[in-house]
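Using my numbering, you'd call the opening residue of the sequence shown number 5 and step up by one each time.
Positions of the beta carbon are idealized from the N, C-alpha and C atoms, including for glycine.
What follows is one structure encoded as C-alpha cells, with my remarks underneath.
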Amino acid sequence: MTRILIVADDLTGGNGCAAGFTRAGLRAATLRADASATEIGTHLDAYDALVITTDSRHLPAARATAAVTAVLDAGWPADLVCSRADSTLRGNFGAEAEAVVTGVRARGRRAVGLCMPAFPTADRQTVHGLQLLGGTRLEHTELAHDVRSPMTSSSVAEALRKDTHLSALGIDLAAVTGPRSALVDRIRTLLSEEPDVIIADALTEAHLRDVAEAAVEADPEVMWVGIDPGPGSLAIARAMGAQGAAGAPPLLAIAGSATELTQAQLQRVLGERPTTLVRPVPRAEGSAVPDVEATAAEVSTAVRRAQAGEIVLLASVVHPEDVRELRDEESDALPEALGRIAARVVSAHAVSAHDAPATDAGPGPAIGGLYTTGGDITTSVLAALGAAGMEIDEEVVPLAAAGALVGGRWAGLPIVTKGGLVGDAGTALACLDHLSGMVRMRTRLLQSRAAQTTARRPAPDSPPRKDTP
C-alpha cells in the first residue's frame, strides 16, 4: 500500500482534498491539527491517503513552517508527501511547500516540488504560470479585497518565492498539450537545472494527469512533492500506481444520445475524470451500427487496462462533427447493438449476484457499475443483461436515477441512468461521481463477505471435527 501524507493548511480544504482521493477509490481520512504523532503514524498505516490539517493559513510564515515540519516528523516515512495549498494562492503557499521539499531532502530523498495549482472542477486554471479564477486573474477578482490575504498577483512563482528561497521553473500549456515524449523531455531538461519546484500549466484534469505521468516517467527516483489544492497530488499518486487496498473497480459508461447537451456532458467527463474513450467499431463501412463482437473486444481491452476507479466510456458522438443522420433501420439497430455490447463486457468483467467474478475474458478488473444515457439505450442494456428492471435508491438530479439491477445474473450491480436531455453540462460528472460512491460501498461489502467466508473455512490441514458424545 502506498503511504501518502498530505499536509493541509486548513480543514475545509483538507476535507475536499481527501474527498478527491476517495472518489478515485483510495481510502482517505483527515486528522485535526492537534493529532498526536502516534495517531498520525497509526492512521497512515490504515489509510491510503492521510490528510493532516495544520490550521496554518493565516499564521506567520515561521510558525506555519514549524507546523508542517512537525507533521512530516510524525508521518515519516511516506511514499508521497504533498503540501495541500489554497487554489487561489492565499496563505503560506511558498513557506509550507518549502518546508515539505526541504524536509524530504533532509531525510535522504531527492525531492522536487511539482506545483499544479489548477483545480478544474472549481474553475481554477493555470496559464503561463498565472493562476486564474474563472479565466480571470486573481487580482482582478474579489480576492483583491480579501481582508486577511488580499491578492495582488496571480503569479504562481511569486507566491512560491514569498518568505522562501525556492527556485522554480515552468512547463507552459504548449508543452502540456503537446506530444507525451516531448513533455517527458521537457521535464528532464528542467530537472538538469536542479530547480526546487516545477510549475505546470493546466486547464483540465487530463492535463494534470499527463504532467504527473510524464514527471514520474522522466525520473521515477525523484519524490515529486505535490503542491496544489488536491487534484494535482491525486494525479501524482495515480501516476505512481496508487490504487488503494480495495482497488476500486472501473465504471462502464454507455452513451447513445447525440444531443448537444450530452456532448457537453461527455466532454466534461473526458476533461475532468480519468476516462478512456472507446469508439464503436462499425459493422460495415459507413454504418452507424457497431459490430458487437469487435466493439465488445475493444471495450474489454480498455477495462483490462483501466486503473482503479477509471471510467471506460463507449460513445460514438462526443463532438458536433460526430453527429450523423441515421436511417430508420439504424435507429432501431443501434440501441440493440449497444445493449448486446454492454452485456458481453459485463459478463466478462463484472461481479455477479453470487459474488463470483466471471472469467471467460481472462483476468482483469471487474466492472463496478454502469452509467447509461438515453432511454432507448438503457432499455436495451437492461434487456441484454436479463434484468427485469432497476431498484431505485434515489435521484442524483431530477430524471437521473441511481439504484441497482433487479433480476438476472447481475442483480445488485449499481447503475445510474439519465435521459439525453437531462441536466446541465456537469450532470454526467455528478452521476458518475455518485455511481463511484455506490461502487465503493458495494466493493467493501463484497470484500467483507469474502473475508468472513474465508475466516469460517477450516484450515486445509485441519483434522476433521469430531462430535463429542
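> For T280, which of helix, strand or coil comes out of DSSP?
Replying inline: Secondary structure at T280: strand, using DSSP grouped into helix, strand and coil.
DSSP state of Q269, grouped into three classes? Helix at Q269.
(message) On the criterion of 16 or more Cβ atoms from any shown chain inside 10 Å, does E100 qualify as buried, or is it exposed?
(response) Flag for E100 reads buried.
**Request:** Give every residue of the same chain whose Cβ lies closer than 8 Å to the Cβ of V285, excluding the five residues on either side of it in the sequence, and list them in chain order.
**Result:** P294, D295, A298, T299, E302, listed in sequence order.
Going along the chain, which residues of its own chain have a beta-carbon closer than 6 Å to the beta-carbon of L76, five neighbours each way excluded? Within the same chain, L76 has close Cβ partners G107.
DSSP on A101, reduced to helix/strand/coil?
Three-state DSSP puts A101 in a helix.
Rounded to whole angstroms, what's the CA-CA distance from D214 to M227? Just pull it up for me.
D214 and M227: Cα-Cα distance of roughly 17 Å.
Grouping DSSP H, G and I as helix and E and B as strand, with all else coil, what is L134? Reduced to three states, the DSSP call for L134 is strand.
Open item on the list: Checking 8 Å against the spacing of the C-beta atoms, do I258 and L342 come in under that value?
Closed with: Cβ atoms of I258 and L342: closer than 8 Å.
Item to complete: Would you mind sorting G45 into buried or exposed? The rule is 16 or more other CB atoms within 10 Å of its CB.
Response: Its Cβ having fewer than 16 others within 10 Å, G45 is exposed.
Would you kindly work out how many angstroms separate the C-alpha atoms of N96 and A110, rounded to a whole number? About 21 Å.
Q.
I need the DSSP call for G407, collapsed to helix, strand or coil.
A. DSSP places G407 in strand when its eight states are reduced to three.
Anticipated Cβ contact below 8 Å, V401 with T431, distance rounded
Distance from V401 to T431 at the Cβ level is roughly 6 Å; contact confirmed, criterion being Cβ atoms closer than 8 Å.
- What did DSSP end up calling R141 once you bin it into helix, strand or coil? In the three-state DSSP reduction, R141 falls in the strand class (E or B).
According to the neighbour-count rule (16 or more other Cβ atoms, all chains shown, within 10 Å of its Cβ), is L449 buried or exposed? The residue is exposed, with fewer than 16 neighbouring Cβ atoms inside 10 Å.
Notebook entry, point to check: With a CB to CB cut of under 6 Å and the five nearest residues on each side skipped, what residues in its chain are close to A103?
Noted result: Cβ neighbours of A103 within its own chain (closer than 6 Å, five residues either side excluded): T69, V72, T73.
Notebook entry, point to check: For V72, which three-state DSSP category applies?
Noted result: Looking at V72 - three-state DSSP - the assignment turns out to be helix.
Problem - E198 versus V350: straight-line alpha-carbon distance, rounded - result: Roughly 48 Å separates the two Cα atoms.
Check this for me: beta carbons of G378 and G423, under 8 Å apart or not?
Taking C-beta atoms as the reference points, G378 and G423 count as a pair closer than 8 Å.
Starting from W228, follow its DSSP beta bridges and name the residues at the other end.
Its beta-bridge partners are V116.
At what residues does the alpha helix (DSSP H) containing G379 begin and finish?
First-last of the alpha helix (DSSP H) with G379: 379-388.
Item to complete: Reducing DSSP to helix, strand and coil, say where P286 ends up.
Response: Correct three-state label for P286: strand.
DSSP-derived helix/strand/coil call for S60: Looking at S60 - three-state DSSP - the assignment turns out to be coil, as it is neither helix nor strand.
How would you label H62, buried or exposed, when you count the other beta carbons within 10 angstroms and need 16 or more for buried? Under this definition H62 is an exposed residue.
Item checked: Neighbour-count burial assignment, S171, 16 or more Cβ in a 10 Å radius -> Flag for S171 reads exposed.
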